[in-house]
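Reading through the structure tokens given below for one structure.
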Amino acid sequence: MRKESKVMKQCSLMFKGLNIEREGVLHKTKLLLKIYRPVVWSASSRALEVCETAEIYCSRTMEEALEYLANYAPEFQQDRFSEKVKSLFETQWLIALIDNAMNKIYDYPDNGKLYHEILSKQYLTVYKYSEFEMLELLNLERSTYYDKKKEALELFAICLWGYTIPSMRGIFGPINDDIEIPNFFQSGTAPTNSRL
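Following our numbering, the residues of the sequence shown are numbered contiguously, the last one being 202.
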């Protein structure tokens, strides 16, 4: 059995200290990282579509087109346009969450830049690097790479669920029990009876 690294011990303490349920949050974190590339691609397509839709209704300026859609377009067109814009903003919110958490990773005192590079090249950049390319780029042995990748994922989960998401509470509207953040992001805390 391999000895737990210093970083993994620190992560365990941080999960407990932030009252975050480790396994569930790690699972959600991996899901978010896996969908990041297609989400960014989709967002850029939708942003272009929203601009084109607005320009169709008024070719002079985007501001006039948006005013037309908001005030004069038939209700079904307003609703459809509204849904596209809402979806785009929710996607932008997700991208902002990931970016903010990545900034925290970069600033982590022990190997933060390495963790940032591993996560970026593995999950976030347009080009997904193969294992061989990652090992060569980072000049790491295979086992060391996987240890560092696991540490990077744990730290990223802590940065995302422990710091970034809580700092963005209320972004979807007034903070109350009904409107705060999407459900996917609400269940990151451990049961309240857990102790440090």
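The C-beta atom is built at its ideal place from N, Cα and C for all residues, glycine as well.
query	result
Over the uninterrupted alpha helix (DSSP H) stretch that includes Q16, give me the two end residues.	K12 to G23
Report whether the distance from the Cβ of F162 to the nearest heavy atom of the ligand GDP is below 7 Å.	Judged by which ligands are present, the structure shown has none, so any question about the ligand GDP falls away.
Does the distance from the C-beta atom of A158 to that of Y112 stay below 8 Å?	no
When you compare only the Cα positions, how much space is there between L141 and W167?	29 Å
For A163, count neighbouring Cβ atoms within 10 angstroms of its own Cβ and tell me buried if that reaches 16, exposed if not.	buried
What's the gap between the Cα of M14 and the Cα of E27?	15 Å
Output the distance between the C-alpha atoms of I41 and G30, rounded to the nearest integer angstrom.	17 Å
Count the other C-beta atoms from every protein chain shown that fall within 10 angstroms of the C-beta of T170, then say buried if there are 16 or more, exposed otherwise.	buried
If K154 and N109 are in contact, beta carbons under 8 Å, what's the gap, nearest whole angstrom?	Not quite, the Cβ-Cβ distance comes to about 19 Å (not below 8 Å), so this is no contact.
Use the C-beta contact count for F21: other C-beta atoms within 10 angstroms, 16 or more gives buried, fewer gives exposed.	buried
Restricting to runs no shorter than 4 residues, where is the alpha helix (DSSP H) found entirely within the segment 115-177?	118-125, 137-144 and 148-163
Have a look at L19 and E160 and give me their C-alpha separation to the nearest angstrom.	12 Å
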